[in-house]
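One structure is given here, and the rest of the page talks about it.
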Amino acid sequence: MFVFQKEALPKDPVFPANLKQLGYFVNDDDQIRMISNPEEKFLYKINANERYNELQKEAMNTCIRNIVLSRLHDQGLETLRLPVGARPSQQHVPILVSPSFKTDKRIIVVFGEPVQDLGIWAYRTIGSDTINSGSAVDFTTAVLGGKKASFTETKSGSKGDTTVGSDVNKAHDETDKTPAPGLILTNPGQLVWHCAGERAISLPSWLALPRKHAVEPPMKMTVRNKIPGNETWQDHVTYVFDEVLDKLAPDAKIDVIGLAEGSLAAVRYLAEHWSTWKSRISSMALGNPLHDTNHLHPPEFAEFVSTRCRAYLISDKELDQPVAGRYEFGCNCYSSGEPKNVECIIPQAYESMLKWLDSMHGKPDMKEVEVFISEELGIPEPGDEMKGDVDSGAVVEELN
1 MFVFQKEALP KDPVFPANLK QLGYFVNDDD QIRMISNPEE KFLYKINANE
51 RYNELQKEAM NTCIRNIVLS RLHDQGLETL RLPVGARPSQ QHVPILVSPS
101 FKTDKRIIVV FGEPVQDLGI WAYRTIGSDT INSGSAVDFT TAVLGGKKAS
151 FTETKSGSKG DTTVGSDVNK AHDETDKTPA PGLILTNPGQ LVWHCAGERA
201 ISLPSWLALP RKHAVEPPMK MTVRNKIPGN ETWQDHVTYV FDEVLDKLAP
251 DAKIDVIGLA EGSLAAVRYL AEHWSTWKSR ISSMALGNPL HDTNHLHPPE
301 FAEFVSTRCR AYLISDKELD QPVAGRYEFG CNCYSSGEPK NVECIIPQAY
351 ESMLKWLDSM HGKPDMKEVE VFISEELGIP EPGDEMKGDV DSGAVVEELN
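Each residue of the sequence shown is one higher than the last, beginning at 1 in UniProt numbering.
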């Protein structure tokens, strides 16, 4: 039998987490392109050995994460370590919060996918479009609006550059003079503690950690790699509700944006604790929800989901077009404008989500008209009449 000696095994490749050294740069349009060919995007396949390709991608993703976190901090967001009170060297998962979230009267909390890093919606969108659109940068600008300018003024003494998403802010300011809400970006994707690096990482980052040889299996996880109270994405969502929203911001009305498993975790939690939270949850926008009507108990929670929630689904229809799904999810369903990838739903639909959440927050008695889709005719059919005042019906009709 032929046996390789250890010294003959291929070494694990190393790629620097530096854009220039990787051969890339960020152009004036906020796109990552090759230095050698400014028209070319990121090239994933550089070797027949998949380990080389994966490690180069992780190095690029590290660069992207550093850029995104820097921009989000520049917008005023701060890092909050969970469990609350954990030291930097202790097991913790970071989330991003607006500085005044503890005293804000309204908070938008985002529960994303457990496959993404903090502040990242979709690396594919970042690679094909822009860094800001594929991350939470444009989203944060749209949510915080004037708050971002005030944060920048406080830090620098003068207004900073608020051109990113300025059209969204201008439209927001013209239609809504109320204070901008607080924002919490949760982190269900980075729940693996890297002891040597003293940081929380995602599973893809764990698999990309250095090995002695390129053919060795990844390191085994132990209890030391678990983060207390945040062992799973469901635990993380539960911790955010119990320890952050309940104890640190007890007076805020809450809007929820959930994506895939993040939305499922929020629905599960609220269904179990609805008597505690029913007075505080204003509305929910769910991207590619994974729950079904069996999760919607008690009936009071099912009524809330039916009248104060919307689902944004994968669809080749235009954004905001009604699509089938009410019988499955218990709420009105609309096209996200994204035909293929779940991770791209928020970049495509966040403006529509925020507009709807603003409207629902401004009118707490407003209830959605039930919209059913005739699959045979392909047209929406109204169900029950709007409950509440006449004014509410006009608003919902406009949003539809």
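Just so you know, even glycine gets a beta-carbon here, dropped at the ideal spot from N, CA and C.
### Same chain, Cβ closer than 7 Å to P347, five either side skipped, listed in chain order
Annotation for P347: W121, A122, T125, S133, G134 place their beta carbon closer than 7 Å to its own, counting only its chain and skipping 5 residues before and after.
### Task
Could you please give the first and the last residue of the uninterrupted alpha helix (DSSP H) stretch that includes N66?
First-last of the alpha helix (DSSP H) with N66: 50-74.
### Task
Please report the residue range of the alpha helix (DSSP H) in which L286 lies.
Here L286 belongs to no alpha helix (DSSP H); instead the beta strand (DSSP E) covers 281-287.
### Message
Does Q5 pass the burial test, meaning 16 or more other C-beta atoms within 10 Å, or should it be called exposed?
### Response
So Q5 ends up on the exposed side.
### Query
In the DSSP assignment, what are the bridge partners of P322?
Y334, per the DSSP bridge assignment.
#### Entry: Alpha-carbon spacing of P204 relative to I67, whole angstroms
Looking at the backbone, the Cα of P204 and that of I67 are separated by about 19 Å.
#### Entry: Straight-line Cα distance separating G197 from K20
A straight line joining the alpha-carbon of K20 with that of G197 spans about 23 Å.
### Query
Going by other Cβ atoms of all chains shown within 10 Å of its Cβ, with 16 needed for buried, is V14 buried or exposed?
Under a 10 Å Cβ-count criterion, V14 is classified as exposed, with fewer than 16 other Cβ atoms of the shown protein chains found around its own Cβ.
### Task
For my contact list, A136 and L82 are in at a C-beta cut-off of 8 Å; report their separation, rounded to the angstrom.
Not really, about 18 Å apart at Cβ, beyond 8 Å.
### Task
Give the secondary structure of A180 by DSSP, where H, G and I count as helix, E and B as strand, and everything else as coil.
Here A180 sits in coil by DSSP.
### Query
Taking the continuous beta strand (DSSP E) assigned at T79, which residues delimit it?
Counting along the chain, the beta strand (DSSP E) containing T79 begins and ends at 78-82.
### Task
Given a cut-off of 7 Å, decide if P94 and G189 are closer than it, judged by their beta-carbon atoms.
The answer is no: Cβ separation not under 7 Å.
### Message
Going by C-alpha to C-alpha distance, which of L183, N187, F241 sits closest to W233?
### Response
Minimum Cα distance to W233 is reached at N187.
#### Entry: Contacting residues, own chain, Cβ-Cβ under 6 Å from R65 (five flanking each side not counted)
Contacts found: D117.
### Message
Rounding to the nearest angstrom, what Cα-Cα distance links I345 and L264 in this structure?
### Response
Rounded to whole angstroms, I345 to L264 spans 16 Å at the Cα level.
### Message
Could you pull the DSSP bridge partners for M34 from this structure?
### Response
The partner list for M34 (beta bridge, DSSP) reads Y24.
### Message
Pull the bridge partners of D255 from the DSSP assignment, please.
### Response
Answer is I108, S283, bridged to D255.
### Query
What is the rounded straight-line gap between the Cα of K105 and the Cα of E328?
Cα to Cα, the separation comes out at about 33 Å.
### Query
Under three-state DSSP, which class holds R310?
Strand, per DSSP.
### Message
Check whether the stretch 288-296 and the stretch 247-267 are in contact - that is, three or more C-beta pairs closer than 8 Å.
### Response
As far as the Cβ criterion goes, the stretch 288-296 touches the stretch 247-267, which means the pair count is three or higher.
### Query
Given 8 Å as the limit, is there contact between the stretch 48-61 and the stretch 219-227, that is, 3 or more CB pairs closer than that?
The stretch 48-61 vs the stretch 219-227: no contact.
### Alpha carbon of F42 to alpha carbon of L77, nearest angstrom
Between F42 and L77, the C-alpha separation is close to 29 Å.
### Message
Classify E7: buried if its beta carbon has 16 or more other beta carbons within 10 angstroms, exposed otherwise.
### Response
Per the 10 Å Cβ criterion, exposed.
### Query
Roughly how many whole angstroms lie between the Cα atoms of P298 and K253?
Roughly 21 Å separates the two Cα atoms.
#### Entry: For W193: DSSP bridge partner residues
When beta bridges are read from the DSSP output, W193 appears opposite A200.
### Query
Tell me which same chain residues have a C-beta within less than 6 Å of the C-beta of K212, skipping the five on either side of it?
Cβ within range, chain order: n/a, list empty.
### Task
Give the secondary structure of H213 by DSSP, where H, G and I count as helix, E and B as strand, and everything else as coil.
H213 carries a strand assignment under DSSP once its states are collapsed to helix, strand and coil.
### Whole-angstrom distance between I35 and P16, CA atom to CA atom
One C-alpha to the other measures close to 16 Å.
### Query
First and last residue of the alpha helix (DSSP H) that includes F139?
DSSP places F139 in the uninterrupted alpha helix (DSSP H) bounded by 136-144.
### Query
The alpha helix (DSSP H) spanning I346 covers which residue range?
It spans 345-362 - the alpha helix (DSSP H) in which I346 sits, taken as one unbroken run.
#### Entry: Environment of T276 [buried if 16+ CB atoms lie within 10 Å]
When all chains shown are included, T276 counts as exposed.
### Task
Buried or exposed for G85, please, with buried defined as at least 16 other CB atoms from any protein chain shown within 10 angstroms of its CB.
With fewer than 16 Cβ atoms within 10 Å of its Cβ, G85 is classed as exposed.
### Message
Taking only three categories from DSSP, how would you classify P299?
### Response
Of the three classes helix, strand and coil, the one that applies to P299 here is helix, per DSSP.
### Query
Under the rule that 16 or more other beta-carbon atoms within 10 Å means buried, what is Q181, buried or exposed?
Looking at the sequence itself, residue 181 is Pro, so the reference to Gln does not match. Buried is the call here.
### Message
Applying the 10 Å Cβ sphere with the 16-neighbour rule, what's the burial state of V143?
### Response
The Cβ neighbour count for V143, taken over all protein chains shown within 10 Å, is at least 16; the residue is labelled buried.
### Query
Any idea which residues DSSP pairs L185 with across the strands?
L96, V110.
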